[in-house]
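Below you'll find the structure, written out as structure tokens, and then a few comments.
Residue numbers (the UniProt record's numbering): 1 to 109.
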């Protein structure tokens, strides 16, 4: 029985799956009758900061550090090691930044 969690957490997709499940659970609880308890939990003071601040400041910093390290690994030794392999994801990332900015400017100009 202990092989299943070990195999799951050694999978490269484990972090993403856990993130999706946690996000879905948070959305469901925040939109249910348990909302008040959820808000009280987020405001709970733990080590000088609320749980909400710990999530926003500490855990998000760790998340983006891990994303940055994963991108670095892919650029150095992974599937994005050559310029040809970087082109499509690079242009997609630029489009992902430019298109929302253009839409914002279009509606607010």
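Every residue gets a Cβ at the ideal spot worked out from N, C-alpha and C, and that includes glycine.
Only exposed fits residue 94, as fewer than 16 other CB atoms lie within 10 angstroms of its CB. By alpha-carbon distance to residue 12, the top candidate from 67, 98, 103, 90 is 67. The DSSP-derived three-state label of residue 26 is helix. Here the alpha carbons of residue 22 and residue 34 stand approximately 16 angstroms from one another. For the pair residue 27 and residue 38, the Cα-to-Cα distance works out to about 10 angstroms. If you look at residue 12, you'll find it isn't in any alpha helix (DSSP H); DSSP assigns it neither H nor E.
The alpha-carbon of residue 5 is positioned some 13 angstroms away from that of residue 17. Residue 49 carries a strand assignment under DSSP once its states are collapsed to helix, strand and coil. In this structure residue 64 is not in contact with residue 51, their Cβ atoms being roughly 19 angstroms apart against a cut-off of 8 angstroms.
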